[in-house]
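Visitor:
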Amino acid sequence: MRGDLLDFLRSEIEPQVDGWEEAGHVPPEALWEVGRRFGLLGMMTPIGRGGDPRPWTEIVEVATDLGRIYRPFGFLLTNALIAGYLAAVTDDLQWKRLGLPIVEGRASSVLALNEPDSGNDLSALASMAEKEEGGYRIRGVKTYIPNADQVDFLLLAARERPGDPPSIFAVDPASSGCRVRRLGATMALRGVHLCEIKLEGCFVSGDDRLGEMAGLWPHLGRSRLLTSGLALGIAVEALELALDYTARTERFGKPLNRQGAVQQSLADMGIAVETGRVYLAHAASLVDAGQPASLETSVAKTYVTDLAMRVTTSATQLMGGWGYLVSGKVERLMREAKLNQIVDGANEIHRTLIAKSLSNRAKKEREE
Numbered sequence: 002m003r004g005d006l007l008d009f010l011r012s013e014i015e016p017q018v019d020g021w022e023e024a025g026h027v028p029p030e031a032l033w034e035v036g037r038r039f040g041l042l043g044m045m046t047p048i049g050r051g052g053d054p055r056p057w058t059e060i061v062e063v064a065t066d067l068g069r070i071y072r073p074f075g076f077l078l079t080n081a082l083i084a085g086y087l088a089a090v091t092d093d094l095q096w097k098r099l100g101l102p103i104v105e106g107r108a109s110s111v112l113a114l115n116e117p118d119s120g121n122d123l124s125a126l127a128s129m130a131e132k133e134e135g136g137y138r139i140r141g142v143k144t145y146i147p148n149a150d151q152v153d154f155l156l157l158a159a160r161e162r163p164g165d166p167p168s169i170f171a172v173d174p175a176s177s178g179c180r181v182r183r184l185g186a187t188m189a190l191r192g193v194h195l196c197e198i199k200l201e202g203c204f205v206s207g208d209d210r211l212g213e214m215a216g217l218w219p220h221l222g223r224s225r226l227l228t229s230g231l232a233l234g235i236a237v238e239a240l241e242l243a244l245d246y247t248a249r250t251e252r253f254g255k256p257l258n259r260q261g262a263v264q265q266s267l268a269d270m271g272i273a274v275e276t277g278r279v280y281l282a283h284a285a286s287l288v289d290a291g292q293p294a295s296l297e298t299s300v301a302k303t304y305v306t307d308l309a310m311r312v313t314t315s316a317t318q319l320m321g322g323w324g325y326l327v328s329g330k331v332e333r334l335m336r337e338a339k340l341n342q343i344v345d346g347a348n349e350i351h352r353t354l355i356a357k358s359l360s361n362r363a364k365k366e367r368e369e
């Protein structure tokens, strides 16, 4: 599948990317055609619920291919993740209504967790879901939610009572009391609609409550692998562009890739990419084996997204004016790389988590 996927993305999707970026819009059908054609939307769903589950070592490779061509196509994997979550927490009727249409490429969703005053701190969520006869009345604001104005339903978190753990609700963005608006243009991923959602007494039925947020946590942890894979793809593509440019460009009488300073930079880029590839595969293999991997997924997310920023910056530097031109592609990769350091938990937060995990492990080893 991987070779066919990358070839299709290269021939059918890449030629359209500049136009989508300029227009600020990716046609949804272009996105979902890729998902359906290559079976990407059921990769995290059990066979018993209509999925085609793949190992995470393969899923991160798919993410890498998507990242190489156009980072917004990672939205397909977000929906595959959502389908996997729904398969784990829904009853049969809920699954047929919400989950199966995603797997079959007939519907889409997005996680709406981020709020203006809490950001990555999900423990500080302020949205409330007041229980009433037949369901819940939700009030709150969500922000920086990708494509919220295009999906069929939102998965958002709200508390039923102050101090309670948040619950997850499925919300129709077109329902009364739910207002979705697109925010301004972004640094990168301009084909993605970044949105704000205002919930002003939006009613959802009791069947739209999917349980406490605790059921979502394992899937959020695995999403770090998706972000890492997309970032790795960005770095791989930037390195390939730099290798091609420095091989065919001469300065001072010889190709750039035969000049010492350039060789040092290319070597550092290659070391970073290959190290990131190996560690990401290691973290994914732990998830496949059912072993605890919260530390390793945090390390992968932090390390790989950071290296993607370094590699794209170095590639832009090596390619000079051509790298700085929009038509040179590498400048877009550099802008896309920055996003990965922010989403799925900012890297500063992951460094805090990593330090705590390492300290706890060291303490446990001392006590044994």
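The number in our numbering is simply the position in the sequence shown, starting from 1, with 1 added. C-beta: ideal position from N, C-alpha, C; glycine also.
Return the residue from the list V63, A24 and G51 that minimises the CA-CA distance to L10.
Guide: Position 9 of the sequence shown, counted from the first residue, corresponds to residue 10. It is V63.
Visitor: How many angstroms separate the CA atom of G135 from the CA atom of D122?
Guide: Counted from its first residue, the sequence shown places residue 135 at position 134. Counted from its first residue, the sequence shown places residue 122 at position 121. The straight-line gap from Cα to Cα measures roughly 31 Å.
Visitor: Alpha carbon to alpha carbon, what distance is there between P163 and E238?
Guide: Taking the first residue of the sequence shown as position 1, residue 238 is located at position 237. Taking the first residue of the sequence shown as position 1, residue 163 is located at position 162. Approximately 47 Å between the Cα atoms of the pair.
Visitor: Using the Cβ count rule (16 or more neighbours within 10 Å means buried), how would you classify E337?
Guide: Start at 1 with the first residue of the sequence shown, and residue 337 comes out as number 336. So E337 ends up on the buried side.
Visitor: From S168 to E131, what distance separates their C-alpha atoms?
Guide: For this step, residue 168 is matched to residue 167 along the sequence shown. For this step, residue 131 is matched to residue 130 along the sequence shown. About 12 Å.
Visitor: Evaluate the contact criterion for the region 297-310 versus the region 334-351: three or more CB pairs, one atom per stretch, below 8 Å.
Guide: Yes, they touch.
Visitor: Considering just the uninterrupted stretch of the beta strand (DSSP E) at R367, what are its terminal residues?
Guide: Counted from its first residue, the sequence shown places residue 367 at position 366. Unbroken run through R367 is the alpha helix (DSSP H), N348 to E368; no beta strand (DSSP E).
Visitor: Which residues in the same chain as V305 place their Cβ atom closer than 7 Å to its Cβ, once the five residues preceding and following it in sequence are excluded?
Guide: Numbered from 1 along the sequence shown, position 304 holds the residue referred to as residue 305. If we look at V305 and ignore the five residues flanking it on each side, its Cβ neighbours are S229, A232, L233, G277 and L281.
Visitor: Does the Cβ-Cβ distance between E332 and G324 come in under 8 Å?
Guide: Locating residue 332 in the sequence shown gives position 331, where the first residue counts as 1. Locating residue 324 in the sequence shown gives position 323, where the first residue counts as 1. Cβ distance < 8 Å, so E332 and G324 count as in contact.
Visitor: Between P174 and L156, which are expected to be in contact by the criterion C-beta below 8 Å, what is the C-beta distance as a whole number of angstroms?
Guide: On the sequence shown, residue 174 is found 173 positions in, with the first residue counted as 1. On the sequence shown, residue 156 is found 155 positions in, with the first residue counted as 1. Between L156 and P174 the Cβ distance is about 11 Å, and since that is not below 8 Å, they are no contact.
Visitor: Within 10 Å of its beta-carbon, does W218 have 16 or more other beta-carbons around it, so buried, or fewer, so exposed?
Guide: For the purposes of this step, residue 218 is taken as residue 217 along the sequence shown, with counting starting at 1. Under this definition W218 is an exposed residue.
Visitor: Helix, strand or coil: which one does DSSP assign to P29?
Guide: On the sequence shown, position 28 is the one that residue 29 refers to. P29: helix per DSSP, three-state reduction.
Visitor: Using a 10 Å radius around the Cβ and a threshold of 16 neighbouring Cβ atoms, would you call M188 buried or exposed?
Guide: The residue labelled residue 188 in the question sits at position 187 within the sequence shown. That one is exposed.
Visitor: Rounded to whole angstroms, what is the Cα-Cα separation between K364 and D289?
Guide: As a working note, residue 364 is residue 363 in the sequence shown. As a working note, residue 289 is residue 288 in the sequence shown. Using only the alpha carbons, I get a separation of about 28 Å.
Visitor: Identify the continuous alpha helix (DSSP H) that holds A262 and give its terminal residues.
Guide: The count along the sequence shown starts at 1 and reaches residue 262 at position 261. Element bounds for A262: G261 to D289.
Visitor: On the DSSP letters alone, give me the boundaries of the alpha helix (DSSP H) that E59 sits inside.
Guide: The residue labelled residue 59 in the question sits at position 58 within the sequence shown. Start and end: W57 to I70.
Visitor: Identify, in the order they occur along the chain, each residue of the same chain with its Cβ nearer than 8 Å to the Cβ of P166, setting aside the five sequence neighbours on each side.
Guide: Position 165 of the sequence shown holds residue 166. Closer than 8 Å at Cβ, skipping near neighbours: R160, E213, M214 and A215.
Visitor: Hey, how far is the Cα of V193 from the Cα of P73?
Guide: Numbered from 1 along the sequence shown, position 192 holds the residue referred to as residue 193. Numbered from 1 along the sequence shown, position 72 holds the residue referred to as residue 73. Each residue's Cα considered, the two are about 7 Å apart.
Visitor: Identify every run of the beta strand (DSSP E) within the region 156-230, keeping only runs that are complete inside it and at least 3 residues long; order them along the chain.
Guide: Counting whole runs of 3 or more residues, the region 156-230 contains the beta strand (DSSP E) stretches 168-172, 179-183, 195-206 and 210-213.
Visitor: Does the distance from the C-beta atom of G141 to that of M129 stay below 8 Å?
Guide: Within the sequence shown, the letter at position 140 stands for residue 141. Within the sequence shown, the letter at position 128 stands for residue 129. It is a contact, given that the beta carbons lie within the stated cut-off.
Visitor: At the level of alpha carbons, what is the spacing between A158 and Q264?
Guide: Numbered from 1 along the sequence shown, position 157 holds the residue referred to as residue 158. Numbered from 1 along the sequence shown, position 263 holds the residue referred to as residue 264. One C-alpha to the other measures close to 49 Å.
Visitor: What are the boundary residues of the beta strand (DSSP E) that includes P16?
Guide: In the sequence shown, the residue the question calls residue 16 occupies position 15. Per DSSP, P16 belongs to no beta strand (DSSP E); it is in the alpha helix (DSSP H), E15 to A24.
Visitor: Sort W57, L6 and E23 by Cα distance to A294 and report the nearest one.
Guide: Here residue 294 refers to the residue found at position 293 of the sequence shown. For A294, the nearest C-alpha among the options comes from W57.
Visitor: Alpha carbon to alpha carbon, how far is L94 from T80? Give it in angstroms, no decimals.
Guide: Translated into positions along the sequence shown, residue 80 becomes position 79. Translated into positions along the sequence shown, residue 94 becomes position 93. For clarity, residue 80 is Asn in the given sequence; the question names Thr instead. Their backbone Cα atoms lie some 19 Å apart in a straight line.
Visitor: Is the beta carbon of Y137 sitting closer than 8 Å to the one on R210?
Guide: Here the question's residue 137 lines up with position 136 in the sequence shown. Here the question's residue 210 lines up with position 209 in the sequence shown. Cβ atoms of Y137 and R210: closer than 8 Å.
Visitor: May I ask you to list the residues that DSSP assigns as paired with L112?
Guide: For the purposes of this step, residue 112 is taken as residue 111 along the sequence shown, with counting starting at 1. L156.
Visitor: Taking the alpha-carbon positions, what's the S224 to D245 distance?
Guide: In the sequence shown, counting from the first residue as 1, residue 224 sits at position 223. In the sequence shown, counting from the first residue as 1, residue 245 sits at position 244. Spanning the two alpha carbons is a distance of roughly 32 Å.
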